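For the sequence shown, the working numbering begins at 1170 and goes up steadily by one.
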Amino acid sequence: MSAAVAHAAPTGAASARPHAAAPAAAGARPRAGGGLRICVPLRLVVGAQYRDAALRTYIKIAALALRPAGCRAKVVTIAGWLGTSASEIERGLRDLQNPDPVDGITEVLTTRKTMRDGTGESAHRTVRPVETDAGELFVWIPVRAADVLRPRLLRLYGAIAYAQARRMPLTVRELADHLRHESGDHQGETLTERQTARLLDELAATGWITVHHRQGPRGRHAYEANPSPLHRCSSRWERPGTASSSPSPTPPISSSRTSSPSSRRPATWPRPRSPISPSSSPG
1170 MSAAVAHAAP
1180 TGAASARPHA
1190 AAPAAAGARP
1200 RAGGGLRICV
1210 PLRLVVGAQY
1220 RDAALRTYIK
1230 IAALALRPAG
1240 CRAKVVTIAG
1250 WLGTSASEIE
1260 RGLRDLQNPD
1270 PVDGITEVLT
1280 TRKTMRDGTG
1290 ESAHRTVRPV
1300 ETDAGELFVW
1310 IPVRAADVLR
1320 PRLLRLYGAI
1330 AYAQARRMPL
1340 TVRELADHLR
1350 HESGDHQGET
1360 LTERQTARLL
1370 DELAATGWIT
1380 VHHRQGPRGR
1390 HAYEANPSPL
1400 HRCSSRWERP
1410 GTASSSPSPT
1420 PPISSSRTSS
1430 PSSRRPATWP
1440 RPRSPISPSS
1450 SPG
């Protein structure tokens, strides 16, 4: 297996890929109603080296890069569309533009268009093609979810969407393993099950996931990632009861549902090899 996919794909993953290969041209898939999903490397969802902000920054850049002119939006413009600060987008871009310290992969390629005197055009950005043919693991995430969910909830949604595509039952502890404190005394540590359970409740309240109580294996809850929210939440962070003024250049996706995950055959949750544990095998 090449170094480019070693981080995201456990041993033997090439023979059991979770999805059909992404469209070669753009790594995007339309849905009925004019919506769009982006093929996202799983490493951005489960990799400890990526901040929460990196995932939604990647999805927005990948969506904008589909336009004929490519992604030429300034950082402040992207921040405005996502309803966040320019500094948050810059932090996400820093993770995406810098080579991974272990395998050297760069997720976002940037071509500078600014002159030394500060004049010129905004940078042109593209994303690395996901190497699906080489067995790299990935997950489809709606662009609209990146537009409206706050970074940590989007990461949680991505983990649930991947597990759903793989027909894997999930526990709160397994989800907590992919969520980490990014500041404070516990920086770098995974969240507790109680903290993750509160996030699951918050995400379920937005309508982006459905919790099937006690319908999973051994009486556990089963989590279903919805392709669009089941009810209207007008806030930029998808919190009911507040208004949003954040524009977005991407249309909404359809409201079609997927089947309940409780009826699907379970698989094994993949563990990235690095940098969390360079020599670990899939758990």
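Using N, Cα and C, we set each Cβ at its ideal position, and we do this for glycine too. Bear in mind the structure is a predicted one, so any value in this text is a computation, not a measurement.
What residues in its chain sit with their C-beta under 8 Å from that of Gly1239, if we drop five residues either side in the sequence? Leu1233, His1293, Arg1294, Thr1295
Go through its chain and collect everything with a Cβ distance to Leu1339's Cβ below 6 Å, but skip five positions before and after it. Ala1332, Tyr1392
Under 9 Å, do Pro1270 and Leu1205 count as touching if we go by C-beta distance? no
Cα separation between Arg1297 and Arg1389? 37 Å
Can you give me the Cβ contacts of Asp1346 inside the same chain, cut-off strictly under 6 Å, excluding the 5 residues immediately before and after it? Thr1359
For Lys1282, count neighbouring C-beta atoms within 10 Å of its own C-beta (all shown protein chains included) and say buried if the count is 16 or more, exposed if not. exposed
Could you name each continuous beta strand (DSSP E) segment of 3 residues or more that falls completely within the segment 1298–1381, going from the start of the chain to the end? 1307–1311, 1378–1381
By DSSP, does Tyr1227 sit in helix, in strand, or in coil? helix
In the DSSP assignment, find the unbroken alpha helix (DSSP H) run with Ala1248 in it and report its ends. 1244–1251
In terms of DSSP beta bridges, what is His1293 paired with? Thr1280
Can you name the start and end residues of the alpha helix (DSSP H) that Ala1255 belongs to? 1255–1266
Quick check on the burial criterion: 16 or more other C-beta atoms within 10 angstroms. Buried or exposed for Val1341? buried
Spatial neighbours of Ala1248 within its chain, please: CB distance less than 8 Å, with the 5 preceding and 5 following residues excluded, ordered by chain position. Ser1254, Ala1255, Glu1257, Ile1258
Distance between Gly1327 and Thr1280 (C-alpha atoms, nearest Å): 28 Å
What first and last residue would you give for the beta strand (DSSP E) that runs through Ala1165? Given that the chain is displayed from residue 1170 to residue 1452, the structure contains no residue 1165 and the question cannot be resolved.
If you draw a straight line from the alpha carbon of Ser1352 to that of Arg1220, how long is it in whole angstroms? 11 Å
Would you mind stating whether Leu1368 and Leu1399 have Cβ atoms separated by less than 9 Å? no
Give the straight-line distance between the Cα atoms of Val1245 and Asn1267, rounded to the nearest whole angstrom. 20 Å
If you count every other CB in all the chains shown that lies within 10 Å of the CB of Pro1210, and 16 or more means buried, which is it? buried
Out of curiosity, what's the CA-to-CA distance linking Asp1264 and Ala1223? 7 Å
Cut-off 8 Å between Cβ atoms - residues of its own chain near Val1214, not counting five sequence neighbours on either side: Leu1224, Val1308, Arg1324, Gly1327, Ala1328, Tyr1331, His1347
Check whether the Cβ atoms of Ser1291 and Ala1231 sit closer than 9 Å, and answer yes or no. no
Would you call Gly1452 buried or exposed, if buried means 16 or more other Cβ atoms sit within 10 Å of its Cβ? Here Gly1452 scores only 34 on pLDDT, less than 50, and its place in the model is too uncertain to base an answer on.
Look at the alpha carbon of Pro1396 and the alpha carbon of Asp1354, and state the distance between them as a whole number of angstroms. 36 Å
Would you say Lys1229 and Asp1370 are within 9 Å of each other, going by their C-beta atoms? no
Going by beta-carbon coordinates alone, are Leu1372 and Leu1322 separated by less than 9 Å? yes
Selection from Pro1237, Arg1236, Trp1377 that minimises the alpha carbon distance to Leu1318: Trp1377
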